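S.K.:
2 protein chains.
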Amino acid sequence: MVTPKTIPQYRKLYEILRKHILDGVYKEGDLLPSENELCQLYGMTRPTVRQSLSTLSNDGYIRKHQGKGSIVHNLPREIGILSVSGTTSAVGDRKLKTTIIVKPVLMQWPADFMFSLTQLEKESGCIYMERVRFLEDIPIFYDISYIANLNLPRITARQFENKSLFQILRDYYRIEIKGGDQRIKAIPANTKISRFLHLKKEQPVLHLERKMETNNPDLFLYSSIFCNTEKYSIFGRF
Amino acid sequence: MVTPKTIPQYRKLYEILRKHILDGVYKEGDLLPSENELCQLYGMTRPTVRQSLSTLSNDGYIRKHQGKGSIVHNLPREIGILSVSGTTSAVGDRKLKTTIIVKPVLMQWPADFMFSLTQLEKESGCIYMERVRFLEDIPIFYDISYIANLNLPRITARQFENKSLFQILRDYYRIEIKGGDQRIKAIPANTKISRFLHLKKEQPVLHLERKMETNNPDLFLYSSIFCNTEKYSIFGRF
DNA sequence: ATTATTTACTTGTAAATACATGTTAATTTA
DNA sequence: TAAATTAACATGTATTTACAAGTAAATAAT
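Written out as structure tokens, the structure is:
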């Protein structure tokens, strides 16, 4: 484990308010304390408070109205994996049970990889793993993950059963996901996908291809995610 | 037409830099001028410049690295309708040709509408329209739009062929889209969808349900969008 | 009683300043 | 020559101050 760096004030306030919203302290439609009140309450200045509120607004937890205030917007989020912001892990990972299909192994990058790779990435090879994630015992996500093998000693030996991949990267390697790009398609399930997601062949499946940026400018995470959206939708902000 | 309000400095700079990136003045991987240089160049202070850069970063046009600078990230965006920010209309509407299936008509809201409505919205009824949008003569989007009938005089009489819906709302009613929520699913094409998108029945189609917020706190735009993602993907940031 | 107006309070925009922290290259030291 | 240090410069965080602009309720005028 690595000692965490000091957390900025605006992020602390972000986390506090976000938790209050999720816990129902502030409910849908409620007015948050005004910016000046938050300044007093938490001993910060307005720009700092505004930075917290701005992030909350971008993540969809509040809506700001000039002259009125910040209104809580805690809508029923289906499965919010679209907004994996640096601080948030979206709909609680706790609710998602994970099973490992292919344990992390070191291998070459696929020849026709979905994103273009830097020379550095190509040379170092990739760590590969496959997982299926369940929500209430229904398989929802079939994830194929790729990470460049850059300064991640012993990662293939770690236990992935309980902890999430993000959590391990954060705790042991100080790597934080900051954001990323994604492509979205609807495709028919092939044999493999239909088996893992308990669907019929040719049934529509949501396919996400994501490239995630980290606090290490050279290190990216890639994943190809197949989603069963029969019962649950994917939720997002724009 | 309405006279536009004064545009804030940080948005002007946002637009300038965005245009430069799209026009190739700054190319993929290039380093943008430093914040202090931009201050000098455009006669602004650093907080103002930083606000522009922060928005560019959120929209995926640059990536910021502490100590290094802002690096251009103008990746080939497939069809970027996921990021309809207030200032951006994503992949140029000019490339999309639109045909009207159902001209704007005033009607009651559907009984089982996809989002919950306020009393005000219910009472005022909705303006309904259907469109198909083509990219290089291939039908890509089948859009069903709903707008509450609030202070939008004569809207059903306007010409929608050339101008986009957003453009009409901005030019004639001063309504700007600021963001919104969406749900995403993969579904099988029904008869209607398959006809409009030139697909076989049961073929996978991307279904977006969006609720868009405007600068009028009481006015929302809703749309149900069916996408043919066989050739093009939907692109997004998170 | 109804309509204007004022007032107080909200968020939005902007400047000026300071220091922290990460990156890079030049410089110094061994 | 090679490693360590330093200096210059980049973005990150934070404070302080000021005014603009939108909202809503209290107040005054009709």
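The listed protein sequences correspond, in order, to chains A and B.
Heads up: the first sequence is residues 4 to 241, going by our numbering.
Heads up: the second sequence is residues 4 to 241, going by our numbering.
Here a beta-carbon is modelled for each residue, glycine too, at the ideal position from N, C-alpha and C.
In this text, all values refer to a predicted model and were calculated from it rather than measured experimentally.
Following the continuous beta strand (DSSP E) through Ser119 (chain A), name the residue where it begins and the one where it ends.
M.R.: From DSSP, Ser119 (chain A) is part of no beta strand (DSSP E); its letter is neither H nor E.
S.K.: Determine whether the beta carbon atoms of Phe1 (chain A) and Gln185 (chain B) lie at a separation below 8 Å.
M.R.: There is no way to answer for residue 1 (chain A), as the model of chain A reaches only from 4 to 241.
S.K.: Give a yes or no on whether 8 Å exceeds the smallest Cβ distance from Gln12 (chain B) to chain A.
M.R.: Answer no: the Cβ-Cβ gap between Gln12 (chain B) and chain A never drops below 8 Å.
S.K.: Taking Cβ-Cβ distances below 7 Å as the criterion, which residues of the stretch 110 to 137 of chain A are in contact with chain B?
M.R.: So nothing in the stretch comes that close.
S.K.: Is it buried or exposed for Arg21 (chain B), if we count other Cβ within 10 angstroms and need 16 for buried?
M.R.: Label assigned to Arg21 (chain B): buried.
S.K.: What are the residues of the stretch 190 to 207 of chain A that lie near chain B, defined by any Cβ-Cβ distance shorter than 8 Å?
M.R.: Against chain B - using a Cβ distance shorter than 8 Å - the residues of the stretch 190 to 207 of chain A are Ile190, Pro191, Glu205, Gln206 and Pro207.
S.K.: Could you tell me the distance, in whole angstroms, from the CA atom of Gly89 (chain A) to the CA atom of Gly182 (chain A)?
M.R.: Note that Gly89 (chain A) scores a pLDDT of 37, beneath 50, so its modelled location is shaky; the value from the coordinates is reported in the next line. The straight-line gap from Cα to Cα measures roughly 7 Å.
S.K.: Cα separation between Ser73 (chain A) and Gln111 (chain A)?
M.R.: Spanning the two alpha carbons is a distance of roughly 49 Å.
S.K.: Cutting at 7 Å between CB atoms, please list the residues of its own chain near Ile19 (chain B), excluding the five before and the five after it.
M.R.: Once the five neighbours on either side are set aside, Ile19 (chain B) has no close Cβ partner at all.
S.K.: Can you tell me which of the three DSSP states Pro207 (chain A) falls into?
M.R.: Pro207 (chain A): strand per DSSP, three-state reduction.
S.K.: Based on DSSP bridge pairs, tell me the residues matched to Ser148 (chain B).
M.R.: According to DSSP, Ser148 (chain B) bridges with B:Met132 and B:Ser226.
S.K.: Ignoring anything shorter than 4 residues, give me the alpha helix (DSSP H) runs that lie fully in the stretch 42 to 83 of chain A, in order along the chain.
M.R.: Taking only runs of at least 4 residues, the alpha helix (DSSP H) segments lying wholly in the stretch 42 to 83 of chain A are 49 to 61.
S.K.: At the level of alpha carbons, what is the spacing between Thr48 (chain A) and Leu224 (chain B)?
M.R.: Roughly 36 Å separates the two Cα atoms.
S.K.: In terms of alpha-carbon separation, which member of B:Glu205, B:Pro107 and B:Leu153 lies closest to Pro191 (chain A)?
M.R.: It is B:Glu205.
S.K.: Taking C-beta pairs closer than 9 Å, name the residues in chain A that Ser148 (chain B) reaches, listed in chain order.
M.R.: Under the 9 Å cutoff, chain A gives no residues; its nearest Cβ is about 16 Å from Ser148 (chain B).
S.K.: Could one say the Cβ of Asp270 (chain A) lies closer than 8 Å to chain B's Cβ atoms, at least one of them?
M.R.: Within the shown structure, residues of chain A are numbered from 4 to 241, placing residue 270 (chain A) beyond reach of any answer.
S.K.: From the DSSP output, read off the bridge partner residues of Val108 (chain B).
M.R.: Answer is B:Tyr131.
S.K.: Can you give me, in chain order, the residues of the stretch 37 to 62 of chain A that have a beta carbon less than 9 Å from any beta carbon in chain B?
M.R.: Of all residues in the stretch 37 to 62 of chain A, Pro50, Ser57, Ser60 and Asn61 have a Cβ within less than 9 Å of some Cβ in chain B.
S.K.: Would you call the CB atoms of Leu16 (chain B) and Ser55 (chain B) closer than 8 Å?
M.R.: A contact, by the Cβ cut-off of 8 Å.
S.K.: Contact criterion: CB-CB distance below 8 Å. Does Ile232 (chain A) meet it with respect to chain B?
M.R.: Going by the sequence as given, residue 232 (chain A) is Thr instead of Ile. With 8 Å as the cut-off, Thr232 (chain A) counts as an interface residue toward chain B.
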